[in-house]
Amino acid sequence: MPQLFRARANGIARLLVWGAPVLVLAVLAVSVMLPRSDFATGSGRALAQPVPFSHQHHVDGLGLDCRYCHDAVETSAFAGLPATEVCMTCHSQLWTEAEALAPVRASLASGEPLRWQRVNSLPDFTYFNHAIHVDKGVGCVTCHGPVEEMPLTWQAKPLTMGWCLECHRDPAPNLRPPDAVFRTDWTPPDDIHAVRAALMQELDIDPETMTDCYVCHR
Amino acid sequence: MSATADRSARRAALAALGQAGRDGRPWRSLDELDADTAARAVETAFPALADRAGATLDRRTLLKLMGASLAMAGLTACGEAEQIVPYVRQPENVVPGRPRFFATTLPSDGYGIGALVESHEGRPTKVEGNPDHPASRGATDAVMQAAVLALFDPERSRTPLHQGRPAGYAAFLAAVADLRRQRAAGTRRGLALIVEPTTSPTAKAQIAGLRQALPGLRVFVHDPLGTSAPGAALEAASGRALVPVPRLERASTLLSLDDDVLGEGPGRLAHARAFAAGRRVRRPGDAMNRLYAVESTPTITGAAADHRKAVPPDGVAAVARGLLALVDGGAAPDGLPVAPDWLAVLADDLRQAGDRALAMAGPHQTPAVHAAALALNARLGATGRTVAYIAPPDALEADGELADFCAAAEAGAFDAAFVLDTNPVHTAPADLDVPAALAAVDLVVHSGLHVDETARHADWHVPAAHPLESWSDLRAYDGTASPVQPLIRPLFDGRTQHEILAALAGDFESGPRALVRATWADRDEPAWQAALKAGVLPDTAAAAVAPPAARLPDVGGRPAPAAGGGLTLRFRADPFLRDGRNANSAWLQELPQPLTKLVWGNAALLSPATAARLGVDNGQMIAIAEGGRRIEAPVWTTPGQPDETVTLTLGHGRSHAGAVAALAAGYDAFRLRRTAAPWMARGAEVTPLGQTGRLITTQHHQAMEDRDVVRHATLAAFRDDPEVMHAGEPPPPDESLYPEWEYPHQAWGMAIDQTACIGCMACVAACQSENTIATVGPQESARGHEMHWLRIDRYYAGEPDDPLTLFQPVPCMHCEKAPCEPVCPVNATVHTHDGLNAQVYNRCIGTRYCSQNCPYKVRRFNFLDYQPFDPGEAGPQQAMRNPDVSVRSRGVMEKCTYCVQRISAARIDAKIDEREIADGAVVTACQQACPTQAITFGDLNDPQAAVVAEKDSPLDYALLAHLNTRPRTTYLGRLRNPNPRLAETGEGDGGHG
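First to last, the protein sequences are chains A and B.
Using our numbering, read the first sequence as starting at 1137 and increasing by one per residue.
Using our numbering, read the second sequence as starting at 18 and increasing by one per residue.
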């Protein structure tokens, strides 16, 4: 009776014996890492916009304050996006013929609003409030990244629940003095640890209540 | 809403499929055959479960359904990136993400009630009461809450129709211009204008102007809800058209002569507030008013009364006259429907109260009752003190009523008729043939929110603007005028009555704002702007006039029985659907009726004794015949209903109201109503029928099963023993296996005053609106799947013929030792640092363990996808959803959150301003709507908080305290203030449970 298995079968069997756990581990690793990856969170990807607006130019180049355009950021949950009129404050005088700004001029002329692609998008069941974060010393760039370096805006952080909770459990490392919240050129001073400890006291930040589910989900 | 209809049709088809699969199916064991026995046992024990027990899906259908939903779930992941659409020109004072509130006025049977409407970037989402408005005083009712749903109703009329075909509004204006030209040529017959009673000064001025400009114009008032009834009755009773403005807060002894003062009428919210203010007893020394009610059908006013007598509708006049005789020092005639002793004590009590007494006559009662009330108030010195009389704010110079129109039209008097914002084809008395009358008119123009029954008989139909889209003005019950301003531009190009009247007058240009502003031209622009901001036009309340002496017709003693016997009919407008105008509102259809707790339909109310005499049971159909007409209706036996009286509710059974109304069952009581007898009719014949009708109720248990669920006591008992609410209560357990929580910041809590609660259901509707709570439809309601986070339980105590009615609003108790929390396997129901039991929708996997373990049964489960959140499927209603609340999907548990979105908003504002959250900064939706301020909410850690003061009262008790759940929501026991001299009559006995 001939051999049922050839000698090669030993190799295949070994491969299966060793390969199966590796495969299981690989599947596990992918399923853990994929949802956290930039691919899934959309982090680091610039979106095409109706107007190729450059934060780099406006913030770093011209030195505009964040609040010039995002004017509701200190009072509302929504930071606010500038009305066409706000764009035209300057662009009725500057770059009045620029091809890239044609949609802005068309919007003002026709009354049809510009439709921007949302870059930093949270799920509908998550209620993020800009006003309270800004008021409690979380800088714009803490969550939005180096906006002043972005020719087209991209999402800088993963915006996953785990990422939010890191800060809600221990906010101190992400705090800055209130006068530095809107600054993109701020660098922590040497005594930042003491400053942050004082801020926690001063601004009445209580991490214990900041992880209650309803703080973000209603 | 058509999606709801589709879904229920699909469900019906599935159920039928399941049935077919069972029939003729092979059986596997004797036990399985015996399943019928089990089914019978289930049916006896749980009537609500019986129809569900059999409804099975076969495996294949289930797989198909699952496959479809999985495929769709896959599709949802392929969405595009969300867009942000900023303004082109941002309006002043708009901060995107922050709601704004606008003061306006909502119509209620022709009168106005002030409201503050929340607007999110131009979308009205929630109606709140306007504290500055005399008819609201900060409160709303359920119908006002549903205004946003009516606004976004996808079945609203969307385009003008000419002969049933879409046409432009310009074409309609051309037709009106044509009509005017022909009239100017003098070749035409009369022109009829049919409107409902209105208090709008602008409409009145326009109609008065039209009468001058168009000599052939005749104005007819169609009044299906009896808006003008009180004025007409007092005119008959005294010779002068007047309406009473009661001041309940000044009265200590109140008498309702069939007047549902807390539940009906344009001043109901203000009256309820004033009434409750007179019975806010917290300590034994506090004073309390006393209400006597003589009524012909159970109402919430009767339920709140300290003494209540049920008499037939035609017996009220005799009681009123007997009482007047007693107050005058005479003797009451024999044979009155109430005991003479009872009446004598009442007369004494009224005399004793003197000018602090108040007699109120039901608007639908006969002039004799109004005359008696007028005379009583005059004799007691109450006139001018607890009640003032004013000229009717809705007085309109008219040429007749609908009946006059029908007679004239059929005689060929009119070549054109304008039927504005009314639906006479459905709401006319049955002896008027409105379709025939309209057919005899060459050109019929109808305006309305829907293409309703009347629109189908009109040549032109013009979509009306919803009140939230309109400029107008309305007067409150006391004559105060207030502006109606739009929250949104007309969604479907609807037009206000003012625009159509202006077009008729030849003004095709003026917009509604200009028309209304012209009425108030005497006010300068700053004053007008201030009025728009406040929602009230100051100094417009009507001046009180001294009423003439009452003419007292002889009414005799007990009314003679009707020839040929028979029962007496009592008609009532549905508290929520009114005359049927709100029939397509799913919120109002699914809102349990205050006393019967019926939803999605109406019933004929009979007393237990009459039902027994007729041999009919709840749900059994009866035929009711009167005046040669006949309807069929299911029976609902109602404790406290007078014997031999059938109460019928108007507003149901509409033929062309829309897909939501089509889901409801109900009879149309208008088909039995006669012009001569709009509110009561005698000599009706009732025949029991064999079949059973569909009646759905949300509360099957009337009794408290020997538990102290609602505790109640008399004021005297409370004064004797302040701890009376806690009598017989076992000492509360103090040990618990549940974790100890500390509440270092806030500890939110609620107190509900059951003495103040009148069971009006406004809180439930407000909760539904604020928290985007789904409606589930009649089939799901019948299974007990309704989603209301807050319910009002209604209990009876005492004799079935003359019971004590108790209301208990039950939201989530937010227990400190919450049984729901430890049983959740996925930690979806958690305790927060301020003591809320938070429900995390995204964690919930739908085990329903929490609901099972909740002793108060306040958790609600989404058995189906009751509200789609796919924008394509959701339709225009999604615009009214509160953007601060998640929409819940199938398989998720939900419940009262104490309006956590409002807590969060207040907390964030306080934190930014670096202060503590002020007491009163968080007002829950139910608390805001409540006309009697029965609900108090606040921080239990704040010793100055109003809620702490409430809970400090010895009346405060916790529901099922022996379970040691330590609920944050507690109740103030219901106090009654019966006359000690009447305590022996069996209705005033103390004790609780």
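Built from N, CA and C at the ideal position, the CB exists for glycine as well.
According to DSSP, what are the bridge partners of B:T121?
By one-based count along the second sequence, residue 121 of chain B stands at place 104. Paired residues: B:A132.
Going by C-alpha to C-alpha distance, which of B:L608, B:Y760, B:H387 and B:I925 sits closest to B:P795?
On the second sequence, residue 795 of chain B is found 778 positions in, with the first residue counted as 1. When each option's Cα is compared against that of B:P795, the closest is B:L608.
Taking the beta strand (DSSP E) that B:Q961 belongs to, which residues open and close that run?
Working through the second sequence from its first residue, we reach residue 961 of chain B at position 944. Counting along the chain, B:Q961 falls outside any beta strand (DSSP E), and DSSP gives it neither H nor E.
Skipping 5 residues on each side, what residues in its chain have a beta carbon closer than 8 Å to that of A:A1213?
Within the first sequence, residue 1213 of chain A is the residue found at index 77, counting from 1. Result list for A:A1213: Y1263, F1264, N1265, H1266 and A1267, in chain order.
What in chain B is Cβ-close to A:R1254, meaning under 8 Å?
As a working note, residue 1254 of chain A is residue 118 in the first sequence. Going along chain B in sequence order, the residues near A:R1254 (Cβ under 8 Å) are A98, E99, Q100 and I101.
Please report how far the alpha carbon of B:I929 lies from the alpha carbon of A:D1342, in whole angstroms.
For the purposes of this step, residue 929 of chain B is taken as the residue at position 912 of the second sequence. For the purposes of this step, residue 1342 of chain A is taken as the residue at position 206 of the first sequence. Their Cα atoms are separated by approximately 14 Å.
So that I know if they touch, is there some Cβ in chain A lying closer than 9 Å to that of B:F435?
Looking up residue 435 of chain B in the second sequence gives position 418. So, not an interface residue.
Quick check on B:H478 - is its C-beta less than 9 Å from some C-beta in chain D?
The displayed structure is made up of protein chains A and B, and chain D is not among them.
How is B:T557 classed by DSSP in three states: helix, strand or coil?
Taking the second sequence and counting its residues from 1, one reaches residue 557 of chain B at position 540. In the structure shown, B:T557 sits in coil (DSSP, three-state: anything other than H, G, I, E or B).
Measure the alpha-carbon distance for A:N1256 versus A:L1295 and round it to whole angstroms.
One-based indexing of the first sequence puts residue 1256 of chain A at position 120. One-based indexing of the first sequence puts residue 1295 of chain A at position 159. Taking the straight line from one Cα to the other gives about 8 Å.
Less than 9 Å between the beta carbons of A:G1273 and A:L1183, yes or no?
Locating residue 1273 of chain A in the first sequence gives position 137, where the first residue counts as 1. Locating residue 1183 of chain A in the first sequence gives position 47, where the first residue counts as 1. No, the Cβ-Cβ distance between A:G1273 and A:L1183 is not below 9 Å.
Just the C-alpha distance for B:V462 and B:G766, rounded to the nearest angstrom, thanks.
Taking the first residue of the second sequence as 1, we reach residue 462 of chain B at position 445. Taking the first residue of the second sequence as 1, we reach residue 766 of chain B at position 749. Each residue's Cα considered, the two are about 55 Å apart.
Could you give the DSSP three-state label for B:Y813: helix, strand or coil?
Here residue 813 of chain B is taken as the residue at index 796 of the second sequence, counted from 1. B:Y813: strand per DSSP, three-state reduction.
What would DSSP say about B:G1007, mapped onto helix, strand or coil?
As a first step, residue 1007 of chain B must be located in the second sequence, where it is residue number 990. Because B:G1007 sits at a pLDDT of 37, beneath the cut-off of 50, its placement in the model cannot be relied upon, and the point is left open.
Could you name the residues of chain B that A:R1251 contacts, counting a contact when the two beta carbons are closer than 7 Å?
Taking the first residue of the first sequence as position 1, residue 1251 of chain A is located at position 115. Within 7 Å Cβ-Cβ: Q100 and V102.
For B:N619, does the count of other Cβ atoms within 10 angstroms reach 16, so buried, or fall short, so exposed?
For the purposes of this step, residue 619 of chain B is taken as residue 602 along the second sequence, with counting starting at 1. Buried, since its Cβ has 16 or more Cβ neighbours within 10 Å.
Report the rounded CA-to-CA distance for B:V355 versus B:L823, giving the unit in angstroms.
Here residue 355 of chain B refers to the residue found at position 338 of the second sequence. Here residue 823 of chain B refers to the residue found at position 806 of the second sequence. In a straight line, the C-alpha of B:V355 is about 23 Å away from that of B:L823.
At which residue ranges does the region 294 to 355 of chain B contain complete beta strand (DSSP E) runs of 3 or more residues, listed in the order of the chain?
With a minimum length of 3 residues, the continuous beta strand (DSSP E) runs that stay inside the region 294 to 355 of chain B are 307 to 312 and 324 to 327.
CA-CA distance, B:R69 and B:L615?
For the purposes of this step, residue 69 of chain B is taken as the residue at position 52 of the second sequence. For the purposes of this step, residue 615 of chain B is taken as the residue at position 598 of the second sequence. Model confidence at B:R69 stands at a pLDDT of 44, short of 50, so the residue's coordinates are unreliable and nothing is read from them.
When we look at the beta-carbon of B:T709 and count the other beta-carbons within 10 Å, is it buried (16 or more) or exposed?
Stepping through the second sequence from its first residue, residue 709 of chain B is reached at position 692. With fewer than 16 other Cβ atoms within 10 Å, it is exposed.
Assuming B:A561 and B:I407 form a contact by the criterion Cβ under 8 Å, report the distance between their Cβ atoms to the nearest whole angstrom.
Here residue 561 of chain B refers to the residue found at position 544 when the second sequence is read from its first residue. Here residue 407 of chain B refers to the residue found at position 390 when the second sequence is read from its first residue. Indeed they touch by this definition, with Cβ atoms about 6 Å apart.
Going by DSSP, which residues form a beta bridge with B:G766?
To locate residue 766 of chain B, count along the second sequence from 1; it is residue 749. In the DSSP output, where bridge partners are listed per residue, B:G766 has B:G955.
How many whole angstroms separate the CB atoms of B:E252 and B:G295, which I take to be in contact at a CB cut-off of 8 Å?
As a first step, residue 252 of chain B must be located in the second sequence, where it is residue number 235. As a first step, residue 295 of chain B must be located in the second sequence, where it is residue number 278. Going by Cβ atoms, the distance from B:E252 to B:G295 rounds to 30 Å, so no, they are not a contact pair.
Report back the beta-carbon spacing between B:E213 and B:N601 to the nearest angstrom; my notes put them in contact at under 8 Å.
If you number the second sequence from 1, residue 213 of chain B lands on position 196. If you number the second sequence from 1, residue 601 of chain B lands on position 584. About 18 Å; that fails the 8 Å criterion.
Find the nearest neighbour of A:A1292 within the set A:L1152, A:W1154 and A:G1178, judged by alpha-carbon distance.
Here the question's residue 1292 of chain A lines up with position 156 in the first sequence. It is A:G1178.
Which same chain residues, not among the five before or five after B:V193, have their C-beta less than 7 Å away from its C-beta?
Numbered from 1 along the second sequence, position 176 holds the residue referred to as residue 193 of chain B. So the list reads A520 and L521, once near-sequence residues are dropped.
Exposed or buried, what is B:L79 when buried is set at 16 or more other beta-carbons lying within 10 Å of its beta-carbon?
To locate residue 79 of chain B, count along the second sequence from 1; it is residue 62. Note on B:L79: pLDDT 42, under 50, position unreliable in the model; no value is reported.
Any Cβ of chain A within less than 9 Å of the Cβ of B:I12?
Residue 12 of chain B lies beyond the range of chain B shown here (18 to 1010); nothing can be said about it.
For A:A1333, which residues in the same chain have their Cβ closer than 6 Å to its Cβ, ignoring the five residues on either side in sequence?
In the first sequence, counting from the first residue as 1, residue 1333 of chain A sits at position 197. Same-chain partners within the cutoff: there are none.
Kindly list the residues whose CB is nearer than 8 Å to the CB of A:T1345, restricted to its own chain and excluding five residues on each side of it in sequence; keep chain order.
For this step, residue 1345 of chain A is matched to residue 209 along the first sequence. For A:T1345, where only same-chain residues beyond five positions count, the Cβ hits under 8 Å are V1351.
If B:L972 and B:V964 are in contact, beta carbons under 8 Å, what's the gap, nearest whole angstrom?
Locating residue 972 of chain B in the second sequence gives position 955, counting from the first residue. Locating residue 964 of chain B in the second sequence gives position 947, counting from the first residue. Incorrect: roughly 14 Å between the Cβ atoms, too far for contact.
Looking at the structure shown, is B:T666 part of a helix, part of a strand, or coil, going by DSSP?
Taking the first residue of the second sequence as position 1, residue 666 of chain B is located at position 649. In this structure, B:T666 counts as strand in the three-state DSSP scheme.
Name, please, each residue of chain B whose Cβ falls closer than 8 Å to the Cβ of A:T1220.
Here residue 1220 of chain A corresponds to residue number 84 of the first sequence, with the count starting at 1. The contacting residues are P103, Y104, V105 and R106.
Compare the Cα-Cα distances from B:V528 to each of B:A348, B:G511 and B:P543 and report the closest residue.
By 1-based counting over the second sequence, the position of residue 528 of chain B is 511. At residue 528 of chain B the sequence reads Gly, which differs from the Val that was named. Nearest of B:A348, B:G511 and B:P543 to B:G528, Cα basis: B:G511.
For B:D901, return the contacting residues in chain A, with the cut-off set at a CB-CB distance below 9 Å.
By one-based count along the second sequence, residue 901 of chain B stands at place 884. By Cβ distance, chain A contributes A1213, Y1263 and R1354.
Where does B:R932 land, buried or exposed, given buried means 16+ other C-beta within 10 angstroms?
Against the second sequence, residue 932 of chain B aligns to sequence position 915. Classification for B:R932: exposed.
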